[in-house]
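The structure under discussion appears below in the form of structure tokens.
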Amino acid sequence: MKHARTIATLLVLLVLVALPFGLGHYGYYILATVMIYAIVALSLNVLIGMGGQISIGHAGFWALGAYGSALVVIKLGFPFLAGVLVGGLVAAIFGALVALPALRVQGHYLAIATLGFALFVQQVLFEWEGLTGGRQGLFVPRPSLFGYELQTDFSYYYVLLAVFLLLAWITGNFAGSHTGRSLMALKMSSVAAECCGIARPIHIIIAFTISAFFTGVSGALYGHLLGHLSTETFSLAVSLSFLTMAVIGGLHSRAGALLGGAYLALAPELLREFKDAQMVIYGITLILCVQFLPGGLISLVERVWTIRRPPRAAP
Amino acid sequence: MPLLEIANLSLAFSGLRALANVSFDVEEGEIVGLIGPNGAGKSTLLNCISRLYQPDGGTIRFDGHDLGGRSAPEVAAMGIRRTFQNLELFREASVRENVALGLVYRYGSPLLAEFLALPGVRAKQRAALEDAERIVSECGLGEWAEARVAELPYGLQKLVELARALAGHPKLLLLDEPAAGMNREESTQVAETVRRLRDRDGITVLLIEHDMRVVMTVCERIVVLDHGEKIAEGSPAEIRRSPAVIKAYLGDELEDA
């Protein structure tokens, strides 16, 4: 069992490393976006999958990360990786703030509060012309490592893959940690958890902060991929598609986050001919997924996987 | 000094009186029963002690500390643990994980160290797991350690809740109808377990129970509530003879009939 998992993980890694070979520039770009989206899906794994919280405001954290990183790189001359870290931290600070309403409200109300946050961020970035360029937007330099500019998205893809793997590793550690398990306990029964000595507020704040940090890092990385930022990139539709991809990929699995990222990056390419009908197809996919595949696409993979192994002895 | 001092406790839900001026003490190492007809306010009282409800008036002191203004997790960390009338379990988790969650708060690590799974963090996780494992097997749940709690029969689920409460090494254990839904043999076992917890581990117990056989055999003192008021307090023999108690119970039965 343990061996099977290790082998599967190694195989996935091998495929991820080999993927770009034989592709062109556009292929590299798409693969890069897969990783960037997958990091957001990881962040929603933590927030929704583990924490049981909802957010329709992740485009806000994404924007804060993107602008935070771009600005310190352009105006203060930070190196690329430091900029990405700053982007994540800026988003994380706002994540902790957005957690505050989550301590009071749940479900629809929280969804609306996070939605309001994202609209607020987008509007402020748009209006604050002196800092963000407003309508003109910002030109963001190419990513560079140790003084070498990453000229192509081929090499950038590997940087993104490394960041994804690092954050996936951290997510796994967190899921097994006492804090992570306490968070999941609160989701299962907050009354029971509190009577076990587990305080709800701090755990909800931690969940939002981690989730916002990851999404901020993703946004920062995205800015350097795009080369140009404008506030239109961070619309309400983006928040909704983040939520969709995380659910479709699977909210309880790191591999599911990867599938979610692949879905969000590839679906528009595959459905290009459907033009405006695309949104209808996304909607239907989401409904079907929630209805028949609550564990997301990854649960299909896991199902096939388990059929081929003898079932565990019943208790 | 009593371990638990309840003085003039009152609570109303939107005008409906749930507790009115209830006062009694629980001495360290005592097993006290809380009985009364349905709706007498027994569970409400337990919820006030574990701070799931904030009382409108009166004080609760535990180990000399006023519980006013403290949260449920703080009170749990002080050594008050409980079970629930209608089970509050982590249903999707395993028996072992349920018990482990009862004690993880005592094994905290810095968050950044947890992200990186540093050796110190892993050592604490192992220690917590061993602690949980020991309690699981002591409670006779070893066979089901890996099983998902939702799949277990009711009696075992109640046992998991008790094990989880014990994982917190409580000074005071609050049991809300531990023998509910059990047959005679099982409820005798519950009574024996409660006795053993007190005799061997020195745990003070306050328990709500409808099974009079259990209450009368295991409790040293009984507090009777009716319509949110304390109507009697005393030894099992005194309670059995108390006219107020007889009236409360018989009156209740007559109304029901």
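Heads up: the sequence lines are chains A and B, in that order.
So for the first sequence, the numbering used here puts the first residue at 12; every next one is plus one.
So for the second sequence, the numbering used here puts the first residue at 336; every next one is plus one.
Note that CB positions come from ideal geometry on N, CA and C, so glycine has one too.
Within the same chain, and ignoring the five residues on either side of C207(A) in sequence, the residues whose Cβ sits closer than 8 Å to its Cβ are A196. Listed along chain B, the residues sitting closer than 7 Å to T190(A) by beta-carbon distance are L446 and E449. Under the DSSP assignment, F348(B) falls outside any alpha helix (DSSP H), being part of the beta strand (DSSP E) whose first and last residues are L339 to F348. Residue contact check for A103(A) against chain B: no CB pair falls below 8 Å. For K286(A), there is no enclosing alpha helix (DSSP H), since its DSSP letter is neither H nor E. The Cβ-Cβ distance between T539(B) and E365(B) falls below 8 Å. G475(B) has its alpha-carbon roughly 10 Å from the corresponding atom of R469(B). For P154(A), the closest C-alpha among the options D164(A), F105(A) and L269(A) is that of D164(A). G98(A) sits close to V228(A), with the two beta carbons spaced by under 8 Å. With a threshold of 8 Å between beta carbons, L381(B) makes no contact with chain A. Contact between the stretch 221-237 of chain A and the stretch 123-139 of chain A is absent: fewer than 3 CB-CB pairs across the two stretches fall below 8 Å.
Per DSSP, reduced to three states, the secondary structure at H504(B) is coil, with no helix or strand assignment.
Residue state for A113(A) is assigned as helix, using DSSP reduced to three classes. Under a 10 Å Cβ-count criterion, F157(A) is classified as exposed, with fewer than 16 other Cβ atoms of the shown protein chains found around its own Cβ.
Within chain A, the residues H189, R192 and S193 have their CB atoms less than 7 Å from the CB of V439(B), given in chain order.
In this structure Q64(A) is buried. Its beta-carbon is surrounded by 16 or more other beta-carbon atoms within 10 angstroms. Boundaries of the beta strand (DSSP E) harbouring A355(B): L351 to V361, taken from the DSSP string.
When the alpha-carbon of L55(A) is set against those of A273(A), L275(A) and L254(A), the nearest one is in L254(A).
Interface annotation for the stretch 348-373 of chain B against chain A: empty, criterion Cβ-Cβ distance under 7 Å. In terms of beta-carbon proximity, E423(B) lines the interface with chain A, with at least one pair separated by less than 8 Å.
Annotated three-state conformation of I581(B) is helix, per DSSP. For I50(A), not one C-beta of chain B is nearer than 8 Å to its own C-beta. Not flagged as an interface residue toward chain B: S252(A), since no C-beta distance is shorter than 8 Å. Under a criterion of Cβ atoms nearer than 7 Å, no residue of chain B is adjacent to F219(A); the nearest Cβ is some 13 Å distant.
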